[in-house]
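**Q**
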Amino acid sequence: MRYANYLGVSNIEDQLIIMLEDYKKFDKNIPCPVRSVMDRIGDKWAVLVITTLGEKGTTRFNQLHEMIGDISQKMLTVTLKKLEEDGLVSRKMYQEIPPRVEYKLTATGDSLLPHLIGLSEWALANMSVIQKSREEYVIAK
0 MRYANYLGVS
10 NIEDQLIIML
20 EDYKKFDKNI
30 PCPVRSVMDR
40 IGDKWAVLVI
50 TTLGEKGTTR
60 FNQLHEMIGD
70 ISQKMLTVTL
80 KKLEEDGLVS
90 RKMYQEIPPR
100 VEYKLTATGD
110 SLLPHLIGLS
120 EWALANMSVI
130 QKSREEYVIA
140 K
């Protein structure tokens, strides 16, 4: 990973030169990769779907719907389609009656899982501070 190399360079000026060289190579017409990923996984349900599939493994649609709870079937369908489009979730349909469809994380989705778990742990550890800050902000305004 190129980012880790910045820290391996001891002189801050050399780090900045490396970062600037990388920035010049970045095509400004291509959307920011982080923003693009966060746009997909930053919605209300994607993280919950990914972490549930990560915990439970291969899961049928109705089982996933029951595990998540508050999500509508339509929203779960939309979320799964977006995650499938991004290559984070795979969908396998069986030619049976009644139809059976199973979902599971792909290798890419599985590689995202530890980061989402870390984010979830951070959110749980800091939610009281964040909530208090939000309340104080509203009062101050």
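According to numbering that gives the first Met the number 0, the sequence shown is numbered sequentially starting from 0. Just so you know, even glycine gets a beta-carbon here, dropped at the ideal spot from N, CA and C. Source: prediction; values computed, not measured.
What are the start and end residues of each continuous alpha helix (DSSP H) run of 4 or more residues lying completely inside the segment 63 to 111, in chain order?
**A** 72 to 84
**Q** Can you give the Cα-Cα distance for Lys24 and Glu12, rounded to whole angstroms?
**A** 19 Å
**Q** In this structure, what does DSSP give as the bridge partners for Thr58?
**A** Thr58 has Tyr102 as its beta-bridge partners, per DSSP.
**Q** Can you have a look at Trp44 and say buried or exposed, based on whether 16 or more other CB atoms are within 10 angstroms of its CB?
**A** buried
**Q** Determine the burial state of Val48: buried for a count of at least 16 other Cβ atoms within 10 Å of its Cβ, exposed for fewer.
**A** buried
**Q** Grab the span of the alpha helix (DSSP H) containing Pro30 for me, first residue to last.
**A** It is not in any alpha helix (DSSP H) - Pro30 carries neither H nor E in the DSSP assignment.
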